[in-house]
Each structure stands twice: as C-alpha cells, then as structure tokens.
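Worksheet: one structure, shown below.
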Amino acid sequence: MGKSDSKLYAGLSYEQTVRKYAQNVSSACMMRLQNWADAEDCFQNTFIKLYQKSPDFKDENHLKAWLLRVAINECKNLLRDSRRHLSLDAALRIPAPSAEDDADLSWALMKLDPDYREVIYLHYAEQMKVREIADVLGKNTNTVKTLLHRGREKLKAIYSGGDGR
1 MGKSDSKLYA GLSYEQTVRK YAQNVSSACM MRLQNWADAE DCFQNTFIKL
51 YQKSPDFKDE NHLKAWLLRV AINECKNLLR DSRRHLSLDA ALRIPAPSAE
101 DDADLSWALM KLDPDYREVI YLHYAEQMKV REIADVLGKN TNTVKTLLHR
151 GREKLKAIYS GGDGR
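Those letters in the sequence shown? Residues 1 to 165, per the UniProt record's numbering, in order.
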C-alpha cells in the first residue's frame, strides 16, 4: 500500500491494533447494521482508513474512540447510501448467544431504535462514559444521557413483554 508497516498507533503496530480492536469494531458495526455482510464491509473500511490516514493518537483510549467513531460513521454512510431500513428479520440472522437470558436480551436490544441501541451498546458493552460516547457519536452529552435513559426504559418495556414504543 506504499506506507511503512512500522507505523505505530498509540504504541501498537497496525497488526496489533487490528487484533486488539477487531471485536470492538465488529460488534459496533453489527449492532448498528444487523447484517454480517454490511458489518464486515464497514469493519474493513474502518481499518483501511486507519492504515491510509495513519493518524497519531495520544493513547489507546483515543485510538479506540477514533476507530469506533469511524466505524459508526461508515455504518451511517452505508445505511444512508443504500436507504436500508433495519428490521427484526435482519436481527434474526444473528447467531443466538449461548445463554437463554443473553438471547432474550439480544433480541430486546435488536428491537430498539438504532440511536438507543447504539448508546446502550457503547455504554455497557464498550464500557464508555457518557462524555466518550458523545465524542464518538458527535452528540451533546445531554443528548446521550437522554438517549441512554430512554433506551433503558424502552429496553425494560421490551424485555418485560411490551413493545417499548
């Protein structure tokens, strides 16, 4: 590709970076798109951008935040460009987790609107703080707090048998 493979990202080689953050980026893409093929495309585009742009990062937290922001933007661009609408049918193509409770929770998460699902995923699965989520998504912290609160309420309603709307 023309660039040296010795470039470091927050002290990690490109290969180490991909290995370390592959699950984070893949999960973020899958949570947003609910389609393995599209998620894989966005995953690859995210790491291609990292390689091509070779940005400098203060530390691994900034690297992770940058990767998640690029991945989410890639997903948004794909959805916008293809004018796809997320559906429960797409969610059913996701392999079920091993535990029944996890399967129920995953199903409930997939029923949430993408904005709620995204902030809940980033907060709980990626263990990001509200400020970090706001930075990654380019939203106001109060907006993220509201989305997180409403998302939890909707998730409770869905999980307990309602439709969460």
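In this text, a Cβ means the ideal position worked out from N, Cα and C, and glycines have one as well.
Query, Result
"Start and end of the alpha helix (DSSP H) containing methionine 30?", "14-33"
"Counting only runs of 4+ residues fully inside the segment 107-132, write out the alpha helix (DSSP H) ranges in chain order.", "114-120"
"Confirm, please, whether the CB-CB distance from aspartate 59 to alanine 10 is below 7 angstroms.", "yes"
"Provide the residue span of the alpha helix (DSSP H) that contains phenylalanine 57, from first to last.", "That residue, phenylalanine 57, is in no alpha helix (DSSP H); it is neither H nor E in DSSP."
"Could you give the C-beta distance for glutamate 118 and arginine 32, rounded to a whole number, given that I count them as a contact under 8 angstroms?", "6 angstroms"
"Around the Cβ of alanine 37, are there at least 16 other Cβ atoms within 10 angstroms (buried) or fewer (exposed)?", "exposed"
"Could you give the distance in angstroms between the alpha-carbon of arginine 150 and the alpha-carbon of isoleucine 120?", "10 angstroms"
"Given a cut-off of 7 angstroms, decide if leucine 68 and valine 136 are closer than it, judged by their beta-carbon atoms.", "yes"
"Expressed to the nearest angstrom, what Euclidean distance is found between the alpha-carbon atoms of arginine 93 and leucine 8?", "Residue confidence is low: arginine 93 scores 48 on pLDDT, short of 50, so the model does not pin down where it sits. No coordinate-derived value is stated."
"Can lysine 76 and leucine 112 be called in contact, C-beta distance under 7 angstroms?", "no"
"What is the DSSP secondary structure of leucine 147, counted as helix, strand or coil?", "helix"
"If the criterion is Cβ atoms closer than 7 angstroms, does the pair tyrosine 116 and leucine 147 meet it?", "yes"
"May I have the straight-line CA-CA distance separating asparagine 35 from phenylalanine 57, to the nearest angstrom?", "30 angstroms"
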